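Numbering of the sequence shown is given in our numbering, commencing with residue 165 and proceeding in unit increments. First up is the structure itself, then whatever we jot down about it.
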Amino acid sequence: MSQLNRKSNRSDRFSRRPSSLRTGITIILYNGSNLESNEGEKINNCIRALDNCYIFHCTNNSKCIKYLKRAQRHEYIVIVFNVNSGLISPTQIAELCQYKQIQHIFIISLMSEQNASTDTDLSVYTRNEVNLIVGVFRDCDSLEIRLQQLISEVNESDDDLFTFVNQSEKALRNLRDELGPYIWSQTYRVILGAMPYNSLDAKRDMLIECRACCYFSKHDLKTIDEFRRTYTATNAIYWYTKSCFLYRIINRALRTEDNMVLYKFRFFIIDLCARLEEKALAKVDCTQPFSVYRGSKLRRDEVEKLEVGSLVATNSFFSSSKHLSTAQNFIGISSNVDTSPSRGRHDRYQYVLFKIDIDLHNSPDVVVADVSSESAVPDENEMLFNLGTTFVIADIRYDDMQRVWSIRMTSSSEAAKLMQEYRQHVQSRFVETKPAILFGHFTSEISSNYHGALNYFHRLLRSTSWNDEDRPDIYYCLGRVYRAMGKHEQAITYLRAALLLQRRLLPDAGRVYGRMLSCLGSVFCESGDSLRGKRLYEQAMLIYQGILPKNHYEFGFHLNRLANVYWQLGQYELTSNLLKSTLLFVENTMPEKSSAHAQTLHIMGLAQRSLNNRKDAIHYFQESIKVRESSQANDHPYVARTCYELSELYAEENNYSMALEYAHKSLRIRELKLPQNHPQRQQSIDLVERLNHLYHEAECL
165 MSQLNRKSNR SDRFSRRPSS LRTGITIILY NGSNLESNEG EKINNCIRAL DNCYIFHCTN
225 NSKCIKYLKR AQRHEYIVIV FNVNSGLISP TQIAELCQYK QIQHIFIISL MSEQNASTDT
285 DLSVYTRNEV NLIVGVFRDC DSLEIRLQQL ISEVNESDDD LFTFVNQSEK ALRNLRDELG
345 PYIWSQTYRV ILGAMPYNSL DAKRDMLIEC RACCYFSKHD LKTIDEFRRT YTATNAIYWY
405 TKSCFLYRII NRALRTEDNM VLYKFRFFII DLCARLEEKA LAKVDCTQPF SVYRGSKLRR
465 DEVEKLEVGS LVATNSFFSS SKHLSTAQNF IGISSNVDTS PSRGRHDRYQ YVLFKIDIDL
525 HNSPDVVVAD VSSESAVPDE NEMLFNLGTT FVIADIRYDD MQRVWSIRMT SSSEAAKLMQ
585 EYRQHVQSRF VETKPAILFG HFTSEISSNY HGALNYFHRL LRSTSWNDED RPDIYYCLGR
645 VYRAMGKHEQ AITYLRAALL LQRRLLPDAG RVYGRMLSCL GSVFCESGDS LRGKRLYEQA
705 MLIYQGILPK NHYEFGFHLN RLANVYWQLG QYELTSNLLK STLLFVENTM PEKSSAHAQT
765 LHIMGLAQRS LNNRKDAIHY FQESIKVRES SQANDHPYVA RTCYELSELY AEENNYSMAL
825 EYAHKSLRIR ELKLPQNHPQ RQQSIDLVER LNHLYHEAEC L
């Protein structure tokens with residue numbers, strides 16, 4: 165049992181690790197190995213002098229690529245290349261430019277132009293590479309000035325301000341088709357609110373992350389210590405509006421849309437949400453429509469995504485003001501200056517003035533509060549919207565005189581009404597599963613963040629004693645995560661440990677014991693021992709039938725498992741008949757378009773394909789993908805699994821073009837989400853290679 169309780173060797177001391185958040189710019193300093201020591205020291209000193217950035221050093225492409233592959237999706241990366249004596253070639257630069265997190269490339273050569281290598285000649289680069297290259301610098305001072313300017317631009321911008329829930333060409337009645345990621349991001353907040361978020365551990369988690377984010381700033385570190393000593397839940401608004409580290413870090417954290425980042429900052433985020441709900445205008449009988457304003461600096465590509473009729477959701481707390489002049493000040497417009505700092509609508513960064521029309525009579529679920537009485541800057545007359553507030557874009561115009569985008573939005577409760585159904589489903593699960601366990605479970609099952617879930621549950625395990633009532637559940641969840649990662653031996657070890665501990669609690673813990681048997685059965689089915697898996701499923705079903713009400717959601721998941729093992733054993737008619745009743749059960753007992761619904765459709769596709777009903781099989785697989793993408797995400801590994809089946813089906817019909825399309829999608833998801841040695845990754849690689857061969861053979865005929 166030693167592997168079940170191994171200790172982590174990592175230190176929690178912030179000074180020994182960089183922040184996992186990466187709130188600002190990450191600079192990769194790429195030094196050629198033969199760089200003269202005095203020149204190298206000059207450039208190193210130049211980079212070290214920069215404020216508000218993370219620095220990563222490398223001397224070759226393999227080390228750089230290793231970092232880029234592990235970089236977070238939201239990370240803003242700038243590469244500074246030291247070009248000297250031809251040590252860094254255009255080919256090396258081209259290899260790195262494929263990574264989307266790279267925003268800019270700086271090239272520095274301290275040699276004279278006469279002695280510089282041809283690598284500083286921009287004509288040797290492709291158009292895409294040239295667009296990324298800011299310039300070639302001959303001295304450290306000009307490089308430092310331009311980098312610091314870029315850092316300031318990024319830190320002042322409102323990047324990733326919105327989630328685009330629904331584009332304008334899709335009617336609002338089809339909103340549910342795209343709500344999955346948004347709904348689950350809000351669901352995590354419900355779960356965190358039910359956890360002991362204001363504990364000393366939660367505070368410690370947040371402070372460690374804040375210190376890691378601000379390790380370069382003595383002023384911020386001093387303010388963090390002040391926060392540690394003086395903060396209380398009642399002054400959450402004051403601290404959020406205070407000009408300090410907190411506003412910047414919290415908003416950057418929320419805009420990552422990473423639930424594990426949300427977990428690290430739960431101590432403050434849930435306090436602020438609760439405080440805003442207490443002060444919400446809807447609770448003080450504010451029924452008259454009113455307008456508020458916000459000035460923002462956004463990337464041009466983000467502005468271009470905004471369309472009239474689109475439904476957007478804020479990725480963070482959304483600040484605004486009752487006064488137009490206050491919002492204008494944030495984009496550089498005042499009584500003395502009537503134009504923004506922008507040079508025009510083609511600049512990389514654009515200045516936007518939002519006008520938000522609020523009607524709480526028609527949108528009673530919108531949480532917005534007048535926080536001026538508790539604000540650190542009361543003169544701004546700030547109105548603060550809660551996380552995930554949704555708006556409909558009513559009008560977009562560009563003012564050539566002021567060089568400002570004017571965007572009018574209206575409040576919307578459309579998403580809130582749909583969210584209520586999911587909230588009730590999650591809260592019903594609190595009766596049987598503790599919120600702390602459910603959070604990790606959703607991290608794995610919904611967000612498919614397996615490494616995050618694994619670290620979360622191991623940490624939870626280390627904090628429990630051997631006789632803790634949560635220990636069997638944690639073992640069970642670890643078994644599920646290892647199973648999803650394709651590590652079946654570890655999964656079996658943890659699941660057997662869970663069963664051993666849970667057996668002592670029978671008969672009271674029958675449902676949980678049955679769930680553990682089911683999961684172990686799934687591991688055996690995936691390992692090729694379907695008969696053993698079937699026996700475990702049948703044992704679990706007997707337990708469920710003896711203790712659960714007939715409409716319990718657990719039956720939906722379990723009927724799918726039974727149908728899948730019947731299909732594996734070649735009992736296709738039995739599978740098909742069972743799935744018809746399963747589909748009705750799932751539709752009547754779970755939120756619309758649930759993961760169980762998607763799985764039922766997937767297995768129906770498998771059964772119909774085996775019965776040679778290819779048209780029906782394609783229909784069920786495609787419907788499964790639609791449901792999975794709308795209820796979870798379009799890059800979930802289960803989407804990849806269905807895409808793989810569709811690819812093989814199209815290949816059987818000699819439609820190699822469609823087969824390759826689905827095979828590539830399956831491979832992209834699996835490379836993104838699954839561990840390097842997961843068998844399904846190699847499965848997709850083999851399929852793509854086989855289809856490419858068949859496609860070229862067909863082209864030659």
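For each residue, glycine too, the CB sits at the ideal point set by N, CA and C. The structure presented is a predicted model; accordingly, all values stated were derived computationally and were not measured.
Let me check one thing: in DSSP terms, what residues is residue i bridge-paired to?
| i | result |
| --- | --- |
| E596 | BP columns for E596 are empty, so no partner. |
| C217 | I189 |
| C222 | Y194 |
| F549 | F482 and V532 |
| S575 | F555 |
| I560 | I571 |
Would residue i and residue j qualify as a contact pair, given that the criterion is a beta-carbon distance under 8 Å?
| i | j | result |
| --- | --- | --- |
| H487 | N545 | yes |
| C210 | I189 | no |
| I207 | I243 | no |
| V114 | R587 | No answer is possible for residue 114: the residues shown for the chain start at 165 and end at 865. |
| S830 | Y808 | yes |
| K428 | D369 | yes |
| Y736 | S691 | no |
| I782 | L813 | yes |
| G650 | P839 | yes |
| F549 | V531 | yes |
| A600 | M359 | yes |
| A540 | T405 | yes |
| L517 | S570 | yes |
Cα separation between residue i and residue j?
| i | j | result |
| --- | --- | --- |
| E333 | N715 | Caution applies to E333, whose pLDDT of 37 falls short of 50 and renders its modelled position unreliable; the value that the coordinates give is listed next. Those two C-alpha atoms are separated by around 38 Å. |
| W630 | E293 | 56 Å |
| S867 | S474 | Lying outside 165 to 865, the shown extent of the chain, residue 867 is not represented and no answer is given. |
| S485 | T574 | 15 Å |
| Q654 | N841 | 14 Å |
| S867 | Q732 | Beyond the ends of the chain as shown, which are 165 and 865, falls residue 867; an answer cannot be given. |
| F391 | L445 | 28 Å |
| I520 | W348 | 25 Å |
| T394 | A366 | 16 Å |
| D632 | E373 | 28 Å |
| A762 | I789 | 7 Å |
| L726 | K698 | 7 Å |
| T764 | T746 | 7 Å |
| S794 | Q350 | 15 Å |
| I538 | A438 | One point to set straight first is that residue 538 is Glu, not Ile, in the sequence displayed. Distance between the alpha carbons of E538 and A438: 14 Å. |
| I131 | F220 | In this structure the chain extends from 165 to 865, so residue 131 is not present and cannot be described. |
| G720 | E751 | 9 Å |
| A213 | P636 | 51 Å |
| Q772 | S740 | 8 Å |
| K264 | I495 | 28 Å |
| I272 | L193 | 11 Å |
| I767 | A662 | 28 Å |
| N613 | F621 | 12 Å |
What are the boundary residues of the alpha helix (DSSP H) that includes residue i?
| i | result |
| --- | --- |
| M705 | S694 to I711 |
| Y879 | With the chain represented from 165 up to 865, any question about residue 879 goes unanswered, as that position is not in the structure. |
| Y240 | Careful: Y240 lies outside any alpha helix (DSSP H), inside the beta strand (DSSP E) at Y240 to N246. |
| M680 | G674 to E690 |
| T628 | No alpha helix (DSSP H) holds T628; DSSP gives it neither H nor E. |
| S321 | Taken as a continuous stretch (DSSP letters only), S321 belongs to no alpha helix (DSSP H), as it is neither H nor E. |
| T503 | T503 -> no alpha helix (DSSP H), and no H or E assigned at all. |
| H766 | S759 to S774 |
Could you pull the start and end residues of the beta strand (DSSP E) that residue i belongs to?
| i | result |
| --- | --- |
| G459 | F454 to R463 |
| R567 | Per DSSP, R567 belongs to no beta strand (DSSP E) and is neither H nor E. |
| G299 | I297 to F301 |
| K519 | Y513 to I522 |
| I495 | Per DSSP, I495 belongs to no beta strand (DSSP E) and is neither H nor E. |
| I271 | I266 to I272 |
| F482 | F482 to S485 |
| D534 | V532 to D534 |
Just to check my reading of the structure: residue i and residue j have Cβ atoms closer than 8 Å, yes? What is that Cβ distance to the nearest angstrom?
| i | j | result |
| --- | --- | --- |
| S758 | H722 | Rounded, the Cβ-Cβ distance is 14 Å, inconsistent with contact. |
| R675 | E609 | R675 to E609, Cβ: 18 Å. No contact. |
| V568 | S504 | 5 Å |
| T949 | E578 | Nothing about residue 949 can be read from this structure; the chain reaches only from 165 to 865. |
| S321 | Y515 | Actually they are not in contact, since the Cβ atoms of S321 and Y515 sit about 10 Å apart, beyond 8 Å. |
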